[in-house]
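In the numbering used here, the protein residues as written are 23 to 299. Ideal Cβ positions, reconstructed from N, Cα and C, are used throughout, including at glycine.
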Amino acid sequence: GRKTIMAGSLSSGSAIEQFCILAKSSKGRAAVSLVQQATSSPQTFFFGELLDCPNIQALEHNPETKPAWSLLHIFAYGTYQEYKACAATVGQLTEAQLAKLKILTIVSLSAKSKVLPYSLLQQQLEIASVRALEDLIIEGMYNGLFKGKLDQAGQQFQISEAVGRDCQKSEVGEMIEVLKSWRARSAEILTCIDDNIRHAASAEEAEQQHQREFENCVEMVKKNLQAQMQAAEIEGGGRLPAKFEASEYYDEENKRPKSRPKTNKHLHMNSDHRSRH
23 GRKTIMAGSL SSGSAIEQFC ILAKSSKGRA AVSLVQQATS SPQTFFFGEL
73 LDCPNIQALE HNPETKPAWS LLHIFAYGTY QEYKACAATV GQLTEAQLAK
123 LKILTIVSLS AKSKVLPYSL LQQQLEIASV RALEDLIIEG MYNGLFKGKL
173 DQAGQQFQIS EAVGRDCQKS EVGEMIEVLK SWRARSAEIL TCIDDNIRHA
223 ASAEEAEQQH QREFENCVEM VKKNLQAQMQ AAEIEGGGRL PAKFEASEYY
273 DEENKRPKSR PKTNKHLHMN SDHRSRH
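This is the structure in structure tokens:
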């Protein structure tokens, strides 16, 4: 069967703003604590703004506080597997942090494919139970991170929409090139559409012109016939010649030619035939 779940509204923007405000006055251990709170909060899923705060950036340059900066960097741009690769340095995560990072990993995977097999998700997220995986996906959808269908029969998650992760500065150039390419393709499509519109308009105008010419031709034929009939009627003393009196031998009721009356010649021939017998 399939379960369809609609995404809820995102409140992450306003939530992260509160952490950014607190970061202005938080340094050292206070900033480390703030990172732990932000990554644990159920309302925050975007961390780029917090990572850009000067007091948070300062954590990177102190060996004692750098693990907190690395953790926030993973939540902003990374995946669960990237965390696993440096877990010894970053430190142990809480259940809430693990669930959030796994949901963010699904968001990253959705950028590569809109159909994610359960087997792939279970491998990447290290989740043994299908039920636990589906519960995690449902949690992500209720938080507004993606929309889709849980295809239990096909054992896959079909994604229809997904939000984007935080964008690193190194990715901006690539994004600009993608947008330029999209703009160029859009311009080509618009040009093609304009050409088709002009062609359709030209064809329609030609058809209308053809129709007008046909109607004018029909009208001219009608007028010529009418003039000929009037002239013939005048010449014939008010009676149309045989070629214009086709109705004389046409049965209007049955819509077929009438039988011509037998002439005297035919009557005489029949009479002679009978007399001989």
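Contact check, F168 vs A154, beta carbons under 9 Å: no
Exposure label - G162; buried when at least 16 CB within 10 Å: buried
L181 - DSSP class collapsed to helix/strand/coil: Residue 181 is actually Ile in this sequence, not Leu. Three-state result, I181: strand.
Where the beta strand (DSSP E) through F168 begins and ends: 168–173
Beta-ladder partner(s) of L138, from DSSP: F179
Residue from S55, P89, G170, G186 whose Cα sits closest to the Cα of Q180: G170
N77 - DSSP class collapsed to helix/strand/coil: helix
Endpoints, alpha helix (DSSP H) assigned at S62: First-last of the alpha helix (DSSP H) with S62: 51–62.
For T101, the nearest candidate out of I78, S55, I160, S130 (CA to CA): S130
Start-end ranges of the beta strand (DSSP E) lying completely within the region 118–164, minimum 3 residues: 137–139
Residues of its chain near Q190, where Cβ-Cβ distance is below 7 Å and the 5 sequence neighbours each way are ignored: Correct list, in chain order: Y99.
The region 83–92 in contact with the region 123–139 per 3-pair CB rule at 8 Å: no
Stretch-stretch touch, CB-based, cutoff 8 Å, three pairs: the region 104–117 with the region 194–209: Note that the region 104–117 does not touch the region 194–209; fewer than 3 beta-carbon pairs, one per stretch, sit closer than 8 Å.
Reduced DSSP category for T87 - H, G, I as helix; E, B as strand; rest coil: coil
Under the three-state DSSP convention, the category K245 falls into: helix
Residues near T61 in its chain [Cβ-Cβ closer than 6 Å; skip 5 each side]: F97, Q119
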